[in-house]
Every structure is written in structure tokens, then in C-alpha cells.
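Residues are numbered in our numbering as their position in the sequence shown, beginning at 1, plus a constant of 4.
Backbone N, C-alpha and C fix where the C-beta goes; we use that ideal spot for every residue, glycine too.
Keep in mind the model is a prediction, meaning the values are calculated, not measured.
For reference, the structure discussed in these notes is given below.
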Amino acid sequence: MPVYYEWISAKKSKRIKHDSPRFEVTSYPLKTNVITIKESSSSSIIDHINKWSSGFEEVDPLLRFEQMNLEEDMNPLEVEKIEGVNYSKAWITKRAGILSKYTTGEKLTIVSSYLPGGEKTLIRQVSNLNEKVKHRLEQLDDFDEGSVRKTMGLSQQEFVTKINLLNDEIKKAWETEQRVKAFKIGIQCSKLLSDISVMQFYPSKFILITDTLDTFGNLVFNRLKEKSFGSNTLVNIHNIDPRTVPESAKETCQNWMYKMASIRELLPRLYMEMTLLKCYVFISKDEIKPAVARITTMIRGIGNPLVAAYLRVYLCHTASKLLGKDCEIYFYANLKEFLEEYQQIFLTSMRKKYETQLLTQDKYLNLYVPALDWLLFGTLNSSKCKSDLLDEFLQKCEQIENNELFLCCIVSAFDSPTVIKKAPKILEMVNSYADKMVMINEVLTSLGEHLCKADSHRQMASESLIQTWWKIASSLKSTNHFLQVLEPWMQFACTHLSTQHVNVILRGMIRYMIKCGKPADEYSGNFQFVIKRMLKSIPDVEELFLMDAFMPLVELVQTSSARTMMSKTVLSIFFSRYDSVEIEDHIVISSLMRLCCILHDSINAVTVEDESKICGELINKFIQAVTYQDDLERQLNFYVECRSSFIKLDAVLITLVHAVNALAARASPARGKWLQRACAAYCFVTVPSLHCTLTKTQLYLLSGQVALLNNCIGQAEANFKALIGLIPDIPDYILEDGQKKSTHVKVAGILADFLSTLLLLPDNVDSNCKAYVLSGFIKTMERIHWKKTEPLYYNTLLRTLDLLAEMTQDNYMHHLDSVLSNDQLYCSDSEFIAVINKYATNICQELLVVLKMLGDNKETKKQFHLSLELFWRVVRRADMFERPMKSLAANLWMLSQKTQDSNNRLSNAVLTGLHAQLEDIHNRAAVHQQNIRSLMEKLKEGGTHG
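Listed below in C-alpha cells is the structure:
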């Protein structure tokens, strides 16, 4: 059992302001810390993990060919240096869009003799060149019924896998000198493009197969380039001069052309010629343009309009890689050829085919959109006056029947300024053919997107446009199409028309949805898109809530999930646009309150934490934004309503407590004393509703401090008592972001703040116990479950000892203007001082017990630090006139010297502090000064022996 030392606090001498003891430190405390990170030259473990895991990551099959072509585009031999439009990048974007849009769940068929189970290639030895050529030409027609296999019932994924296998077979055949086999595989792949049994997938099938054909074309081209210039020479396709090409390479190139020309069927012959078109540069570059023009005409022989359209797409794509800017005339030529054959799209034979596949006419026409878009893309680049070209195309639309496909594509292809000038004319055309058009929604949507890009200050006939548009849109039979069209046109209305006009459109939207006969919940996704565009585009978002049709529109959906998503969308966009807004209008507040209540009511026992967090953040933004300015009572009533409405969310209750405390701090003592007490009562009642003990402790402390600041002593004392009662219940660990984290650091900070606040809290005069709240805290510390050798426990005791020493002073270091603290309340009453010293004695004895326990546990480092900390407090805060205190200080110093390590900087710093204290009290009694001197001599002797 440690020796009993009775603690006696010393009275502080008055010190000149800002004159504090100085300590020797190893680094300047305000110096910026510089951290030097040395990068390891060895690879990290993450690199090894990625290396081994990459093999298990399967690439999306539909994007495999896209990646292959990206790599080819990066090849320095094939880099295009063309001024103006980069057709390669445009094609990559177009390809990705096609692959993602045109998918199918139907079963597919593939015909080939080079898939597993197909024919085995016959390799025959030949003696001379003539026989070799003759044999290869014979092989081109060697597709008898026994060698070709038809694989049916393939899913989309399986079909893509088969095409990948054919692509790999081409490479393998080429590497094993079986070039005719590679050529035959290319022919078979091109024949697959004549099959339109699954039209919905045809655009994606076109992309997949033409990528395979490009693989074959690149193999032929690279072989010819190697024969011409060697394997190590970097030559760009545009820099190849046919005059420098050896005759052997030219002869090989001509042989490939002869092989291609010997293909009997038109479709594979055209595809293979386009694949090998780049090889003309080894013979004569002048042959390329006539060949493109010839193929443009030859495509007329393809009877199926869908097949012919994509054949023209591949021709223009190939020409763009070879001719650069000169290719654009061929885009226009192929577009004119397409328009000449335009009516074939609507033939009865084609209608029977797509109806057999259960395709609607609009879905069927959408299959032509990527092809027509690509032809228009190149055509527009060739025209200097796009306005004249648009006039020409619009005039063409008026001349042809079933013009909706062409009209839809030209509206989406042209730039916005050009389309905006012709918007009234386009809208009138749509109005004229509205009854017959099945793609009317696409045309109106594209036109609306262009109008959204018009300058808001531009003088336009906005009202007449909206009136004509609404006449068309309101007559649409499909609700999905109506909402699709509504999305961009609502944005246009919000930016160019008054709020009254927008409100009228919203009313019409509600009437349409009611008349459609189906619940609005089926279209909740489209609803959200419309609401998003409105919220993001309207200049003043608060104006939406002032429209009488907006909230009924938002609440048109009935199911809980749909309403929740709608409310989340509205609140998210509202607060993303106005982070620092102060909401004062009662109509807006009421509307937002309704949306927040919908969010809150959607939370139940199975709601995931992330969802609750998002809802809480949105509601918190609403609470923080609402203000009633100087009407503090109304503000408090609003917080009371929020507490009853959002009781499920701890995050919201925390925000409310902070908001009410801020409100209490704003209240004037002269007029708002009752309000301050009401705020304190609000916080005291709200905090117990929280689940986290640590959070409740923090809020009790904050609420008590605000109540103390407002001189509401009873309320402050109640909060502090509640805090003390929660201390034993604080867990050692809490979960934050899914990780288990210790609470010791946070608890230590809370208790330090709490103890410093207790210095200002006056005693309850009705209580017989001196320092009533502090005594309750000390009793709690005596029976707390914390391990006594933990820093949290003994550091809290040290801070308590600091507080007790300060409470014995005649004048406390801190005061609040409106609060009468214990120094003024007791005026250094001896009974009060005796009680405080008794508490300090008990704390000191408990610390000595902890020191002994640390020694028994061989925790010398903790023992060293604790002994020095306690020593410093004895020297600084105890009365050194008393022999027990001087003896305790000496013993603590001896203990610290026995347990310190080789680095004694901390001890030297403490001695330096004592020297500063000696200088500080030079005006005090000579006896006290002599006591300090004798103590220091004793300490130095002890340090020498230690």
C-alpha cells in the first residue's frame, strides 16, 4: 500500500500577463511537419495481386473487338494524320454505341466449316507455281455440302464466342502459311451478313464480323508491306509510293485481287474487296477512288435494303481510312444512292419479315439509324454551308413518302444552331405527317434537344413553338413516347418561357397521365428524368414549388418506393444547386417538408445503412436551410415539428440538437430568457432518443455548456449529471465505416472539455455537498470498469487533479460574465477548500496505486511518464511549504529516474521548467524560495545517482 500523502494545494502568485514558463523543446511547435516518402524500387504486393488476378477477369465479348481496333489505331504504322475530322475516333464511338444498343435474346445461327467439328483443311504438296495458284483458286469454291456446318440455336453470347473463334482461326491459319484458309474464313464471315433472320441484332453482328474482316485485311496488308519495305521499317500507309514497291510484292497483291474477283456471290465479293481496298496502294493509288465509286454503284445489286445500307457504311468507313478528307464525296454519293433505294425499306416483303420477328415498325426503322447517321456524318463534313444542305434535305423529305426515318436522322445529325433556325419548319412538317409517323417521338426529342441549346436571350417564337409541340405531343398514344418527348421540351420551356407557361404544361401533363388509364408508377423512371431536367434547367428552383401543379405531379406516383425515389431526386438536385440557400417562403418549406417526410417514412428495419445515411443528409440540408430570421419562437417550433417527424434518424436528431443550441446562443437574454430555457429543455429531452452512447455524451456536454453560457444553471447541471451517468456505458470500441475503432481518444477529449467546464459551474446552493457535480464524477471514476493501467484512466485523474488545484484559488483563470463561479460564491471558504483538498488527496493516492500497479506489471515506460506527470503537478500545484508535498515530489522524481530510458530529454525539460518557476517566484517569501532550492538540489543529486 503506498504511503499516504495529504494533498495541500498552493495559492498561485499573480503573474504578469502572457508570462509563462519556458521549456526546452526539440522542435519548434508551429513548424510545418515535412514527411519524406521514399518509393520502393521493388514492385508492391498490389502489383503481384493484380498480375495474378488479371487472368480471371473476362473482358466483355462485345467490347473485345473494340479493344483490338483501339490497339490497331495506336499502331504507329497505321496512324492517320488527317486534317479536320478524325473518322477513326468517330467510328470507335459509333461502334461502341451500336454494340451496347442492339442486343437480342433470340437464338442465332452461324454457318462455317472452320469451327470445332468442321472440315479439316487439306494441305497438298504442289510442284510448281502454276499448280500452286490453280490449287488455291480451286479451294475458294470448295464449299460442298459436306464441309459446311450450320450451328443453330445460339445465344448472343455464344454467337460472339463463335465469331471470336473464327477471328482466332484466321490468325492461326495465317501463321501456319494457310492463307487460302484464312481467305475462305473471311468469305464465310461476310456471307453471315446476308442473314437477317434476327434483325434486331443485325447492326451488332455487322460490327463483329467487319472487325474480323479487318483482321484479315490487316494481315494481308502487313505481309505486303513487309515484302516491300522489310519488317523493321516504319512506313505510314499514306506515305507508300507504288513506284518503290518491288514487283514481287505487286504480283502478290494482284494475286489477292484475283482471288477476291473469283468469288461468285456478290455480297462476299464486295466485302472482301473493301477489306483489301487498302492493298491498292502497293499497285497504284489512283485505283482506290475509282474502286470506291465502282463499289458504290455495285451495291445496287444487293436486294435487301438493310444489308445494302450497312454495306455502304463499311465502304465509307474503309474509304475514310484511306482517302482522308477526299472520302467525304463518297459519303454523299452513298447517301444519295441510299435515298434512291429508300422506298425499298417499306416494301411489303420487308414488312412481312420484321412482323414475323415480332418487331414493330419503329423498332425496324431504328435498325437503319446507325447506317444513315454515319452517311450523314461524312456528308455534313463535306458541306461548307450546312444551312443550304439542311434546306435540300428538308425539301427531299417533302418529296418522298414515309420520310420519318430520314427526317429523324437529319434532325439529329445537324448541329444545333442550324436546326434551331429551321425549327418552325421542321415542327410544321412533323405536324403535317403526325398521324402516319411511328418515329415521331424520336424526331420531337432530337428537335427539343437542339432547342435546349439555344441562348435564353435569343429572340425566338418560343410560345408558338411550344403550342405547336404540345398539340402534337398531347395526341401521342404511347405514354413512354410522351414522357420521352416531354423531357427536353420541358427544359426548353423552363429556360425560355415564364413560370405561368410552365405551370400550364405541368397541368396538361397531369391530365394526360390521368387519361392514359395506367398507374403513373409504371412510368416512374421517365417521370424522374422529366423532373431532373426541370430542376436543373429552371433559373430559380424555388419557383417550381410555387407552381400549384408541381407537387401534385411529384406525388402522382402512389407506391412507396416510387415516391421515395422521386423525393430523393427532387431534394438532391435542389440542394446541389443551392448549397447555401436560406429558405424563407412558407410554401417552399411546406413542400420540402412533405418530401422529407416521404423519405423518412420509407425507412424501416430492413433499410440498409447507406440508404438511411443518404436520407439523413438530405433532411439535414433542409433543416439547416430553413430560417425564420428574427422570429426565434417560430424557428424553435419548426425544430419541434422536425423532431416529431424525423424521430427514426439519429443523424437528423443530432443536427436538430446543434441547431437548437445555436438558436439558444442567438437568443437575447433581455427578451429570450424563456426561449433559452426552452432550448435547453429541448436538447435535454432529445438527446436520450439517440442510440450511440458516445454521441449522447458529446451532446450532453455541448448542451450543458450552452445552458451555462446562458446562465441556465439548473439545465446545465442536469445535462452534466446525465453525462456523468453515461460514462460507464461508453463502449471501448465502436464501428465507423465498417471498421472497429477505439473510443479512448474521443472519450479523453470529452472528459478534458467537461472538467474544464466544471471550473465555471457554480455549486447548487440547495445541496449540502460541496462541488456536487464534481464529486459525482469522482465517485463514478472510482467504480468505473476501465482498466487502471490504461492511459485513459490515469490521464483523466491527472486532469481532475488539475481542476481541483485550480478550484482552490482565490480567482479562477476563466469566467463567464453572466455566471457566478465558485471562487466568487465561496470566496476561498476554508470548508470548501478542505473538501477540495480531500478530493485531491484521494486522487493523488489513486495515482500512486496506479504507479505501483504499473511497476508490478513491468510497464516501465508508462510508469516513467506517469511519475513525471504527477511530479510536475505536485511541484506546480501543491504547497511546497508542506513537508509531505516536498517528500512526495522527491520520491516521484527518484522513481522517474529509476524507470527512464537512456534518452532523458523529458527529465531535463522538467528541470528547466523548475528553474523557470524559481525565477517566477523570486518576489515570494524567502522560506518558500529556499524550499524550492533545496528540492532542486535533492533532485539533482537523485538524478546523478540514478
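Count the other C-beta atoms from every protein chain shown that fall within 10 angstroms of the C-beta of V879, then say buried if there are 16 or more, exposed otherwise. Counting from one through the sequence shown, the residue named residue 879 turns up at place 875. Buried: at least 16 other Cβ atoms inside 10 Å.
Give the single residue among K677, L706, E810 whose Cα lies nearest to the Cα of S822. Within the sequence shown, numbered from 1, the residue matching residue 822 stands at position 818. Closest by alpha carbon: K677.
A265 to E277 span [Cα, whole Å]: Numbered from 1 along the sequence shown, position 261 holds the residue referred to as residue 265. Numbered from 1 along the sequence shown, position 273 holds the residue referred to as residue 277. Roughly 8 Å separates the two Cα atoms.
Any 3 or more C-beta pairs closer than 8 Å across the region 570-579 and the region 610-622: yes
Span of the alpha helix (DSSP H) around K783: Here residue 783 is taken as the residue at index 779 of the sequence shown, counted from 1. Residues 776-786.
What distance in whole Å lies between the Cβ atoms of L599 and V534, which are believed to be in contact at a cut-off of 8 Å? One-based indexing of the sequence shown puts residue 534 at position 530. One-based indexing of the sequence shown puts residue 599 at position 595. With 8 Å as the limit, V534 and L599 do not qualify as a contact, their Cβ atoms being about 16 Å apart.
Beta-carbon gap between F875 and A893 smaller than 7 Å: Position 871 of the sequence shown holds residue 875. Position 889 of the sequence shown holds residue 893. It is a contact, given that the beta carbons lie within the stated cut-off.
Alpha carbon to alpha carbon, how far is I623 from N665? Give it in angstroms, no decimals. Reading the sequence shown from its first residue, position 661 is the one you call residue 665. Reading the sequence shown from its first residue, position 619 is the one you call residue 623. The straight-line gap from Cα to Cα measures roughly 18 Å.
Please state whether DSSP places T364 in a helix, a strand or coil. Reading the sequence shown from its first residue, position 360 is the one you call residue 364. Coil at T364, not helix or strand.
Return the Cβ separation of K951 and F688 in integer angstroms, given the expectation that the two are a contact with Cβ distance under 8 Å. Beyond the ends of the chain as shown, which are 5 and 950, falls residue 951; an answer cannot be given.
When burial is assigned at 16 or more other CB atoms within 10 Å of the CB, is D733 buried or exposed? Walking along the sequence shown from the start, residue 733 turns up at place 729. D733 comes out exposed.
If I measure Cβ to Cβ from K124 and keep anything under 6 Å in the same chain, skipping five residues before and after, which residues do I get? Along the sequence shown, one-based indexing puts residue 124 at 120. With a pLDDT of 42 at K124, under the threshold of 50, the modelled position of this residue cannot be trusted, and the question is left open.
I need the straight-line Cα distance from D419 to V249, nearest angstrom please. What you label residue 419 is simply residue 415 of the sequence shown in a count that begins at 1. What you label residue 249 is simply residue 245 of the sequence shown in a count that begins at 1. Their Cα atoms are separated by approximately 44 Å.
Three-way DSSP call (helix, strand, coil) for S116 in this model: In the sequence shown, residue 116 corresponds to position 112, counting from 1. S116: strand per DSSP, three-state reduction.
Exposed or buried, which one is Y91 when buried takes at least 16 other CB atoms within 10 Å? Taking the first residue of the sequence shown as position 1, residue 91 is located at position 87. Under this definition Y91 is a buried residue.
N-terminal and C-terminal residue of the alpha helix (DSSP H) that R304 is part of: Along the sequence shown, read from residue 1 onward, the residue named residue 304 stands at position 300. No alpha helix (DSSP H) holds R304; DSSP gives it neither H nor E.
If you draw a straight line from the alpha carbon of T499 to that of W378, how long is it in whole angstroms? Position 495 of the sequence shown, counting from 1, holds the residue named residue 499. Position 374 of the sequence shown, counting from 1, holds the residue named residue 378. Their backbone Cα atoms lie some 32 Å apart in a straight line.
For S746, write down the residues that DSSP places opposite it in a beta bridge. Counting from 1 along the sequence shown, the entry for residue 746 is found at position 742. Answer is Y737.
Under the three-state DSSP convention, the category M433 falls into: Taking the first residue of the sequence shown as position 1, residue 433 is located at position 429. Three-state DSSP puts M433 in a helix.
For I627, does the count of other Cβ atoms within 10 angstroms reach 16, so buried, or fall short, so exposed? In the sequence shown, counting from the first residue as 1, residue 627 sits at position 623. It is buried - the Cβ of I627 has at least 16 other Cβ atoms within 10 Å.
How many angstroms separate the CA atom of R877 from the CA atom of V691? Locating residue 877 in the sequence shown gives position 873, counting from the first residue. Locating residue 691 in the sequence shown gives position 687, counting from the first residue. About 36 Å.
Could you name the residues of the same chain whose beta carbon sits closer than 7 Å to that of S232, not counting the 5 residues immediately before and after it, in chain order? Position 228 of the sequence shown, counted from the start, is the residue given in the question as residue 232. For S232, where only same-chain residues beyond five positions count, the Cβ hits under 7 Å are V249, P250, A253, F286.
Using only CA atoms, which one of D290, A427, L271, A323 lies nearest to G307? In the sequence shown, counting from the first residue as 1, residue 307 sits at position 303. Checked all of D290, A427, L271, A323; the closest Cα to G307 is L271.
On the DSSP letters alone, give me the boundaries of the beta strand (DSSP E) that G157 sits inside. For the purposes of this step, residue 157 is taken as residue 153 along the sequence shown, with counting starting at 1. 153-158 is the extent of the beta strand (DSSP E) around G157.
So does the region 708-717 actually touch the region 735-753, counting three or more Cβ pairs closer than 8 Å? no
Tell me whether Q129 is buried or exposed, calling it buried when 16 or more other Cβ atoms sit within 10 Å of its Cβ. Position 125 of the sequence shown holds residue 129. At Q129, the pLDDT of 45 sits below 50, so the modelled position is not reliable; the number obtained from the coordinates is stated separately. Looking at its Cβ environment, which holds fewer than 16 other Cβ atoms inside 10 Å, Q129 is exposed.
Please report the distance separating the alpha-carbon of P543 from that of H505. Locating residue 543 in the sequence shown gives position 539, where the first residue counts as 1. Locating residue 505 in the sequence shown gives position 501, where the first residue counts as 1. A straight-line Cα-Cα distance of about 14 Å links P543 and H505.
Just the C-alpha distance for F868 and P766, rounded to the nearest angstrom, thanks. In the sequence shown, the residue the question calls residue 868 occupies position 864. In the sequence shown, the residue the question calls residue 766 occupies position 762. Between F868 and P766, the C-alpha separation is close to 36 Å.
Which whole-angstrom value describes the C-beta separation of E10 and P795, a residue pair presumed to lie in contact below a C-beta threshold of 8 Å? Indexing the sequence shown from 1 puts residue 10 at position 6. Indexing the sequence shown from 1 puts residue 795 at position 791. E10 to P795, Cβ: 27 Å. No contact.
Compare the beta carbon distance of L380 and A323 with 7 Å and say whether it is the shorter of the two. In the sequence shown, the residue the question calls residue 380 occupies position 376. In the sequence shown, the residue the question calls residue 323 occupies position 319. Not in contact: L380 and A323 (Cβ atoms no closer than 7 Å).
By DSSP, does S832 sit in helix, in strand, or in coil? Within the sequence shown, the letter at position 828 stands for residue 832. Shown here, S832 sits in coil according to DSSP, grouped into three states, outside any helix or strand.
Could you check what DSSP says for V630 in three-state terms: helix, strand or coil? Taking the sequence shown and counting its residues from 1, one reaches residue 630 at position 626. Strand.
Contacting residues, own chain, Cβ-Cβ under 8 Å from L74 (five flanking each side not counted): By one-based count along the sequence shown, residue 74 stands at place 70. Caution is warranted here: a pLDDT of 43 is assigned to L74, below 50, making its placement in the model unreliable, and no coordinate value can be reported.
For the alpha helix (DSSP H) that Q532 lies in, which residues bound it at each end? Looking up residue 532 in the sequence shown gives position 528. That run of the alpha helix (DSSP H) goes 528-541.
Taking the alpha-carbon positions, what's the Q365 to R511 distance? By 1-based counting over the sequence shown, the position of residue 365 is 361. By 1-based counting over the sequence shown, the position of residue 511 is 507. Roughly 32 Å between the two C-alpha positions.
Whole alpha helix (DSSP H) runs in the region 352-433 with 4 or more residues, listed along the chain? List check, alpha helix (DSSP H) in window: 352-360, 365-370, 373-386, 390-403, 408-417, 420-425.
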